[in-house]
Amino acid sequence: MAGKFITFEGGEGCGKSTQMQLLARYLRRQGINTVETKEPGGTQEGQILRQLLVTGDKDKFDPIAEVLLYYADRRNHLTKVVWPALQENQWVLSDRYADSTEAYQYYGYDRRINYQTLQDLYQIVAGDFKPDLTFILDIEPEVGMRRSLQKAEGMKVKELRFESRQMEFHHNLRRGFLEIARREPNRCVVLNADTNIDDLHQQIVEVVTKRWKADE
Ligand SMILES: Nc1ncnc2c1ncn2[C@@H]1O[C@H](COP(=O)(O)OP(=O)(O)OP(=O)(O)O)[C@@H](O)[C@H]1O
Ligand SMILES: [Mg+2]
Numbered sequence: 588m589a590g591k592f593i594t595f596e597g598g599e600g601c602g603k604s605t606q607m608q609l610l611a612r613y614l615r616r617q618g619i620n621t622v623e624t625k626e627p628g629g630t631q632e633g634q635i636l637r638q639l640l641v642t643g644d645k646d647k648f649d650p651i652a653e654v655l656l657y658y659a660d661r662r663n664h665l666t667k668v669v670w671p672a673l674q675e676n677q678w679v680l681s682d683r684y685a686d687s688t689e690a691y692q693y694y695g696y697d698r699r700i701n702y703q704t705l706q707d708l709y710q711i712v713a714g715d716f717k718p719d720l721t722f723i724l725d726i727e728p729e730v731g732m733r734r735s736l737q738k739a740e741g742m743k744v745k746e747l748r749f750e751s752r753q754m755e756f757h758h759n760l761r762r763g764f765l766e767i768a769r770r771e772p773n774r775c776v777v778l779n780a781d782t783n784i785d786d787l788h789q790q791i792v793e794v795v796t797k798r799w800k801a802d803e
């Protein structure tokens, strides 16, 4: 079967990383070669960009500079990781992708960047390439944030640049992801993430198997 590109999106602590790992494990058990990756920071160089983007003062970049850094990371990630893997018919699972840029940089900050600028950058960097499927894990920001902050207590480098923003930002973010899903209902599947890990995993497996049963 041809490779697929599946992305996991949603606010802080909704369970993206947890669910991506579980789906990767499931796919490998089905004999599918699966690559797990993430944005920002899916490449060695991207790790340096990630450091810049997720730590430190929340206002350290001008909006355009920030978005360009995300898109530099994205281009590197696509050319070095995502596209080569898809060429080899591997499945690629990414913990965040372009919907996060749109949700954070456009909706989260109350549209402080021009929407068309984001679309133009996407086109330059990725052309018409899009994920085959995107899971949007939807959760009350307060619940996700509680999970995220608990997790950060155990981390050496605390990636809290976005967690430190006002709750209003996180509510905007949530609405942004839901708006994206409304606009692209075929690509995006919204799931309630305020449920236990195994139930959510089962729902994700069901969506994936239903979508690609015809190819098997
Ligand atoms: N369904 C769930 N119910 C309760 N706790 C969960 C659930 N899913 C994940 N968690 C826990 O919540 C924390 C955040 O989960 P995870 O890291 O998967 O989320 P994330 O969306 O990747 O977060 P971030 O945006 O911070 O990267 C982890 O400690 C994880 O074990
Ligand atoms: Mg994560």
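Per the working numbering, the very first residue in the sequence shown carries number 588; after that it's consecutive. Just so it is clear, CB atoms sit at the ideal spot from N, CA and C, and this is done for glycine as well.
Euclidean distance between Cα positions of Lys667 and Gln634: The residue given as residue 667 occupies position 80 in the sequence shown. The residue given as residue 634 occupies position 47 in the sequence shown. Looking at the two C-alpha atoms, the distance is approximately 13 angstroms.
Local conformation of Asp644 per DSSP, three classes: The residue given as residue 644 occupies position 57 in the sequence shown. Coil at Asp644, not helix or strand.
Same chain only: Cβ atoms within 7 angstroms of Ser574, ignoring 5 sequence neighbours per side: One cannot answer for residue 574 here, as it falls past the ends of the chain, which runs 588 to 803.
Burial state of Asp697 (16 or more Cβ within 10 Å): Counting from 1 along the sequence shown, the entry for residue 697 is found at position 110. The residue is exposed, with fewer than 16 neighbouring Cβ atoms inside 10 Å.
Nonlocal neighbours in the same chain, by C-beta distance under 7 angstroms from Thr605, ignoring five residues either side: Looking up residue 605 in the sequence shown gives position 18. Correct list, in chain order: Ile784.
Closer than 7 angstroms: Gly602 CB and nearest ligand 1 heavy atom: As a position in the sequence shown, residue 602 is number 15, starting the count at 1. Answer for Gly602: yes, Cβ within range of ligand 1.
Span separating the alpha-carbon of Gln789 from that of Lys603: Residue 789 sits at position 202 when you count from the first residue of the sequence shown. Residue 603 sits at position 16 when you count from the first residue of the sequence shown. Rounded to the nearest angstrom, the two C-alpha atoms are 14 angstroms apart.
According to DSSP, residues forming a beta bridge with Asp725: Stepping through the sequence shown from its first residue, residue 725 is reached at position 138. According to DSSP, which records beta bridges pairwise, Asp725 is partnered with Asn779.
For Met754 and Glu729, the rounded distance between their alpha carbons: For the purposes of this step, residue 729 is identified with residue 142 of the sequence shown, where counting begins at 1. For the purposes of this step, residue 754 is identified with residue 167 of the sequence shown, where counting begins at 1. Each residue's alpha carbon lies about 8 angstroms from the other.
Residue range of the beta strand (DSSP E) that includes Lys625: Mapped onto the sequence shown, residue 625 falls at position 38. Residues Thr621 to Lys625.
Through-space distance from Thr594 to Arg615, alpha-carbon basis: Along the sequence shown, read from residue 1 onward, the residue named residue 615 stands at position 28. Along the sequence shown, read from residue 1 onward, the residue named residue 594 stands at position 7. Arg615 and Thr594: Cα-Cα distance of roughly 17 angstroms.
Host alpha helix (DSSP H) of Val654 (start-end): Position 67 of the sequence shown, counted from the first residue, corresponds to residue 654. It spans Pro650 to His664 - the alpha helix (DSSP H) in which Val654 sits, taken as one unbroken run.
Nearest to Val641 (by Cα), restricted to the options Gln674, Cys601 and Ala739: On the sequence shown, residue 641 is found 54 positions in, with the first residue counted as 1. Nearest option by C-alpha distance: Ala739.
For Ser681, the three-state DSSP class (helix, strand or coil): Here the question's residue 681 lines up with position 94 in the sequence shown. Of the three classes helix, strand and coil, the one that applies to Ser681 here is strand, per DSSP.
Top-ranked residue by Cα proximity to Gly628, from Thr621, Arg637 and Asn620: Position 41 of the sequence shown, counted from the start, is the residue given in the question as residue 628. It is Arg637.
Beta-carbon contacts of Tyr658 that lie in its chain and below 6 angstroms, excluding the five residues immediately before and after: By one-based count along the sequence shown, residue 658 stands at place 71. So the qualifying residues of the chain are Leu708 and Val712.
Heavy atom of ligand 1 within 7 angstroms of Gly597 beta-carbon: Numbered from its first residue, the sequence shown carries residue 597 at position 10. Indeed, a heavy atom of ligand 1 lies less than 7 angstroms from the Cβ.
Terminal residues of the alpha helix (DSSP H) in which Ile791 lies: Numbered from its first residue, the sequence shown carries residue 791 at position 204. Run containing Ile791: Ile784 to Trp799, per the alpha helix (DSSP H) assignment.
Counted within 10 angstroms of its Cβ, other Cβ atoms place Asn676 as buried (16 or more) or exposed: Mapped onto the sequence shown, residue 676 falls at position 89. That one is exposed.
Residue nearest to Thr624 in terms of C-alpha spacing, selected from Lys745, Leu747 and Ala672: On the sequence shown, position 37 is the one that residue 624 refers to. If we check each option's Cα against that of Thr624, Ala672 comes out closest.
Straight-line Cα distance separating His757 from Asp660: In the sequence shown, residue 660 corresponds to position 73, counting from 1. In the sequence shown, residue 757 corresponds to position 170, counting from 1. For Asp660 and His757, the distance between alpha carbons rounds to 23 angstroms.
Where Arg769 falls, given that 16 or more other Cβ within 10 Å makes a residue buried: Residue mapping note: residue 769 aligns to position 182 of the sequence shown, counting from 1. Exposed: under 16 other Cβ atoms inside 10 Å.
Three-state secondary structure (DSSP) of Ile635: Walking along the sequence shown from the start, residue 635 turns up at place 48. Residue state, collapsed to three classes: helix.
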